[in-house]
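Chains as they are written, first to last, in numbering that gives the first Met the number 0: chain A, 0 to 184; chain B, 0 to 136. The C-beta atom is built at its ideal place from N, Cα and C for all residues, glycine as well. Keep in mind it's a predicted model, so treat the numbers as computed, not measured.
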Amino acid sequence: MTLISDPWPWYISGPMIALILFLLLMIGKNFGMSSNLRTLCTICGAGKTSDFFRFDWKSQQWNLVVALGAIIGGFIGSQFLSNDLAVAIHPDTIEHLNTLGFKSAGASYLPTELFDTAVFTDVKGLLILAIGGLLIGFGARYAGGCTSGHAISGLSNLQWPSLIAVIGFFAGGLTMVHFIFPLIF
Amino acid sequence: MRTLKYLFIGILFGITMFKSEAASWFRIYEMFRFEAFHMYGIIGSTVVLGILIIQAIKRFNITSFYGEPIVFTPKAKSVSRYLFGGFIFGLGWALAGACPGPMFTLVGAGFSPILVVILGSVFGTFLYGLVKGRLPH
Numbered sequence: 000m001t002l003i004s005d006p007w008p009w010y011i012s013g014p015m016i017a018l019i020l021f022l023l024l025m026i027g028k029n030f031g032m033s034s035n036l037r038t039l040c041t042i043c044g045a046g047k048t049s050d051f052f053r054f055d056w057k058s059q060q061w062n063l064v065v066a067l068g069a070i071i072g073g074f075i076g077s078q079f080l081s082n083d084l085a086v087a088i089h090p091d092t093i094e095h096l097n098t099l100g101f102k103s104a105g106a107s108y109l110p111t112e113l114f115d116t117a118v119f120t121d122v123k124g125l126l127i128l129a130i131g132g133l134l135i136g137f138g139a140r141y142a143g144g145c146t147s148g149h150a151i152s153g154l155s156n157l158q159w160p161s162l163i164a165v166i167g168f169f170a171g172g173l174t175m176v177h178f179i180f181p182l183i184f
Numbered sequence: 000m001r002t003l004k005y006l007f008i009g010i011l012f013g014i015t016m017f018k019s020e021a022a023s024w025f026r027i028y029e030m031f032r033f034e035a036f037h038m039y040g041i042i043g044s045t046v047v048l049g050i051l052i053i054q055a056i057k058r059f060n061i062t063s064f065y066g067e068p069i070v071f072t073p074k075a076k077s078v079s080r081y082l083f084g085g086f087i088f089g090l091g092w093a094l095a096g097a098c099p100g101p102m103f104t105l106v107g108a109g110f111s112p113i114l115v116v117i118l119g120s121v122f123g124t125f126l127y128g129l130v131k132g133r134l135p136h
């Protein structure tokens, strides 16, 4: 049973995601999670302020169900399919995170410095989470997709635009980790 | 019935995101420091298999489970929107350590602060809708 309760290696995880891509295609849908954020805007009435949100959100209901499934999957994965939640990242990564003040590196699933409920009373932590989310939402829609829509669906379909987007994802991520992290942590 | 299938696929996806640790902030940070192969292995093997799957669907005219043709919509040609949008997304991906799929997974795993990230991302999507016309695409 440790096969399931241990973290899954990349060569299990990758084929599993490919299977999900395949199942969605065979059901007549395209894999793309960030579209749900637009749907949520429309449901909240954003159509009043921009044409971009004026569409029949019911046509995207299926994708919200996938997102709901992803929530349930997270619950099952963490509650029933895992013993130890600590993520065994590389020792150099742990050491570097320690110097940035992340003491939970190598000992938890997410940094407690940002994802413990104590963050709700920590202005800096809250700002980091909110701004991170803001950039994700804005960037994903501007680029027309996120990791699932571009890096997985798009690259699998040999789309040049997706390759450009993925290069952008990495340029942004590298800038954040190497140039902006030293300024904020 | 179809709704149940979407739910099942979503559950499979959520479990995979959690168990693969692709939903871990630490793994994203490690990836951007090039200190482990893990995330590259996940994305790389998914894409290699994805290419084979999509090529097979196109070549052998495989139809969906319901006998309908499988349609692939090509992405509109442009450089600026993908590069600029991608860059902004990447900044957020590294900062919050989660992309839109894993965000939902982390709600189920009980990390309530991720809700702040989700609210931020919905607001970011809304902001994009407001300024869309003034951005290079």
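Is the separation between the beta-carbon of residue i and that of residue j shorter than 9 angstroms?
i      : j      : result
P96/B  : I27/B  : Just to set this straight, residue 96/B is Gly in the shown sequence, not Pro. Yes, Cβ-Cβ distance for G96/B and I27/B is below 9 angstroms.
F83/B  : G167/A : yes
A142/A : A164/A : yes
L105/B : G68/A  : no
Y108/A : F25/B  : yes
V121/B : L134/A : no
W7/A   : S44/B  : no
T124/B : R140/A : yes
W159/A : K74/B  : yes
G153/A : S161/A : yes
F86/B  : G138/A : yes
G132/A : I117/B : yes
K4/B   : I26/A  : yes
C98/B  : T174/A : no
I71/A  : G9/B   : yes
F119/A : F31/B  : no
V122/A : T2/B   : no
E112/A : S103/A : yes
Below 7 angstroms CB to CB, which residues in the same chain sit around residue i once its five sequence neighbours on both sides are set aside?
i      : result
S34/A  : Q59, N62
P101/B : M16, A21, A22
G44/A  : none
F54/A  : T41
K28/A  : W61
Which residues in the same chain have their Cβ closer than 6 angstroms to the Cβ of residue i, if we skip the five residues on either side of it in sequence?
i      : result
G148/A : G31
F114/A : none
A66/A  : N35
P135/B : S79
G144/A : G31
L185/A : Residue 185/A lies beyond the residue range present for chain A, which begins at 0 and ends at 184; the question has no answer from this structure.
When the Cα of residue i is compared with those of the options, which residue comes out closest?
i      : options                      : result
G185/A : L3/B, F36/B, I61/B, G89/B    : Because chain A here runs from 0 to 184, residue 185/A falls outside it and cannot be looked at.
A93/B  : M0/B, E29/B, M16/B           : E29/B
I151/A : E34/B, A75/B, T2/B, G40/B    : G40/B
S81/A  : A108/B, P68/B, F59/B         : A108/B
D5/A   : E112/A, P14/A, T120/A, D83/A : D83/A
S155/A : G13/A, K123/A, T1/A, G105/A  : G13/A
I50/B  : T38/A, F54/A, T41/A, I16/A   : I16/A
L157/A : Y127/B, F59/B, V46/B         : V46/B
V176/A : Q54/B, S19/B, G91/B          : G91/B
F141/B : F54/A, T92/A, T38/A          : Past the edges of chain B, shown from 0 to 136, lies residue 141/B, and the structure says nothing about it.
S19/B  : V86/A, F54/A, Q78/A, L39/A   : V86/A
A106/A : I88/A, F184/A, V122/A        : I88/A
P110/A : F184/A, K28/A, L39/A         : F184/A
F79/A  : T1/A, F178/A, F180/A         : T1/A
With 9 angstroms set as the bound, which would you pick, yes or no: does the beta-carbon of residue i sit closer than that to a beta-carbon of chain E?
i      : result
V122/A : In the displayed structure, chain E is absent; the protein chains listed are A and B.
Within the same chain, show all residues whose beta-carbon is closer than 8 angstroms to that of residue i, passing over the 5 residues directly before and after it, in chain order.
i     : result
I69/B : I56, I61, T62, S63
**OP:** Taking 8 angstroms as the threshold, find out whether the stretch 119 to 132 of chain B comes into contact with the stretch 43 to 60 of chain A through three or more Cβ pairs.
**Re:** Put simply, the stretch 119 to 132 of chain B touches the stretch 43 to 60 of chain A. At least three CB pairs are less than 8 angstroms apart.
**OP:** State whether the stretch 93 to 106 of chain A contacts the stretch 14 to 29 of chain A, with contact taken as three or more CB pairs (one from each stretch) at a distance under 8 angstroms.
**Re:** no
Original post:
Whole beta strand (DSSP E) runs in the stretch 78 to 144 of chain A with 3 or more residues, listed along the chain?
Top reply: none
**OP:** Could you name each continuous alpha helix (DSSP H) segment of 4 residues or more that falls completely within the stretch 14 to 95 of chain B, going from the start of the chain to the end?
**Re:** DSSP runs (the alpha helix (DSSP H)) wholly in the stretch 14 to 95 of chain B: 24 to 31, 37 to 58, 79 to 95.
Original post:
At a cut of 8 angstroms, does the stretch 122 to 130 of chain A reach the stretch 66 to 82 of chain B through at least three beta carbon pairs?
Top reply: no
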